[in-house]
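For what it's worth, the numbering used here labels the leading residue of the sequence shown as 1, then goes sequentially.
All remarks here apply to the structure that follows.
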Amino acid sequence: MADDRRLRQRFVERMDLVRGIEGLLDLVPDVYFWVKDAHGRFVLCNQALVALVGEKSQANVIGRRDSDFFPAELAATYMSDDRTVLATGEALVDRIELVRNTDGSVDWFDTTKTPVFDRRGRVIGVAGVTRDLKKMHSTNQRFFAMAPVIETIMSDYALPLTVASLAAKVDLSLSQFERQFKRKFRTTPRKYITRIRVQAACQLLATTDLPISEVAQQTGFYDQSHFSHQFRRERGMTPSRYRAATATAPGARGHLAEASISFAALATPARPAM
């Protein structure tokens, strides 16, 4: 065992690890890989990520932040999750979030983020992989097993959804479903639904002039009070403050409808993001 550890250590010390990772991930389709430092600056990424943000080379991405490439309302979400990983030193697994494509539309993507440690065990950055949710369900076991559930949440988040009804879609008892869902996604079904609703609300707040009460109704919250309470818990600010901080020009409006995914359509080849 000691010899095996020394063998591993000697080999790792000889590796150009960064070059190896970059080369490997440039060959994996539909995976956007990146590493950011503690200040949110990109320090490493693959060519898929370069194309997603509309650049030609890594040199145009390194040193820049999410806010340089994405609308304010989306960048704020990404940076908030980064701060959580930096503060806790724990991974965020399968976070569903909106990402803007190069054509200006937005789609639902799945992102997993992990802390990056230095040799002293201190968190110095965040590494992550992001994938188009439409392209995941046949290759990712978490989504394959829960596809009917995820389909319902993504398409019907504006409707009343009960955990019991979701459990029935995969023929599990309520307790079995909650246990399996939490094991797969590291959160409860109810929190998962709330986060998707808040994500959708963020898009509406930033890109439309809809009254906050209407935003609440369109994204599945009971009323404006309930919406404001849940929004503050997720974002740390009120919906009106978020709107003021992230409002975009009228020309950027109207993409939310393009972000709703039907897993029933996943058998059809998806439009490339680049």
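Just so you know, even glycine gets a beta-carbon here, dropped at the ideal spot from N, CA and C.
In whole angstroms, give me the CA-to-CA distance for L166 and E90. So the two alpha carbons sit approximately 28 Å from each other.
Kindly list the residues whose CB is nearer than 6 Å to the CB of V53, restricted to its own chain and excluding five residues on each side of it in sequence; keep chain order. In the same chain as V53, and ignoring 5 residues on each side of it, the C-beta atoms closer than 6 Å to its own belong to F69, in chain order.
According to DSSP, is D66 helix, strand or coil? Here D66 sits in helix by DSSP.
If we count the other Cβ atoms within 10 Å of its Cβ and call it buried at 16 or more, is L256 buried or exposed? Because L256 sits at a pLDDT of 37, beneath the cut-off of 50, its placement in the model cannot be relied upon, and the following sentence gives the value as read from the coordinates. Counting Cβ neighbours within 10 Å, L256 comes out buried, since at least 16 surround it.
Do T111 and R122 count as a contact pair if the criterion is CB distance below 8 Å? Cβ atoms of R122 and T111: not closer than 8 Å.
Spatial neighbours of V99 within its chain, please: CB distance less than 6 Å, with the 5 preceding and 5 following residues excluded, ordered by chain position. Same-chain partners within the cutoff: F109.
What residue does the beta strand (DSSP E) around V123 start on, and which one ends it? From DSSP, the beta strand (DSSP E) with V123 extends over 123-132.
From D132 to P211, what does the alpha carbon distance come to, in whole angstroms? Cα to Cα, the separation comes out at about 31 Å.
For the alpha helix (DSSP H) that contains E55, what are its first and last residues? In the DSSP assignment, E55 falls outside any alpha helix (DSSP H) and carries neither an H nor an E.
Straight-line CA distance for F181 to Q217? Here the alpha carbon of F181 sits roughly 26 Å from the alpha carbon of Q217.
Can you check whether the CB of A200 is closer than 8 Å to the CB of T219? Contact: yes.
Given this structure, state the Cα-to-Cα distance separating R190 from F221, to the nearest angstrom. Inter-residue distance for R190 and F221 is about 12 Å (C-alpha atoms, whole angstroms).
Can you round the beta-carbon distance between R41 and R64 to whole angstroms, since I take them to be within the 8 Å contact cut? Rounded, the Cβ-Cβ distance is 7 Å, consistent with contact.
Straight-line Cα distance separating D4 from R195: A straight line joining the alpha-carbon of R195 with that of D4 spans about 44 Å.
Curious, which full-length alpha helix (DSSP H) runs of at least 4 residues does the region 145-188 contain? Segments of the alpha helix (DSSP H) lying fully in the region 145-188: 163-169, 174-185.
Return helix, strand or coil for D209, following the three-state DSSP convention. Note: D209 maps to coil in three-state DSSP.
Start-end ranges of the alpha helix (DSSP H) lying completely within the region 71-112, minimum 4 residues: Counting only runs of 4 or more, we get 72-88.
For L44, is the classification buried or exposed, using 16 other Cβ atoms within 10 angstroms of its Cβ as the cut-off for buried? Buried is the label assigned to L44, since at least 16 other Cβ atoms lie within 10 Å of its Cβ.
Closest residue to L159 among H39, I193, F231 (Cα-Cα distance): Checked all of H39, I193, F231; the closest Cα to L159 is I193.
Starting from the Cα of D156, find the closest Cα among R197, V50, E55 and give me that residue. That would be R197, whose Cα lies nearest to the Cα of D156.
Drop a sphere of 10 angstroms on the beta-carbon of F185, count the other beta-carbons inside from all chains shown, and report buried for 16 or more, exposed for fewer. Flag for F185 reads buried.
Following the continuous alpha helix (DSSP H) through Y242, name the residue where it begins and the one where it ends. Where Y242 is concerned, the enclosing alpha helix (DSSP H) stretches over 239-246.
Using only the heavy atoms of the ligand ZN, determine whether one of them is closer than 7 Å to the beta carbon of F227. Although the ligand ZN was asked about, the structure shown includes no ligands whatsoever.
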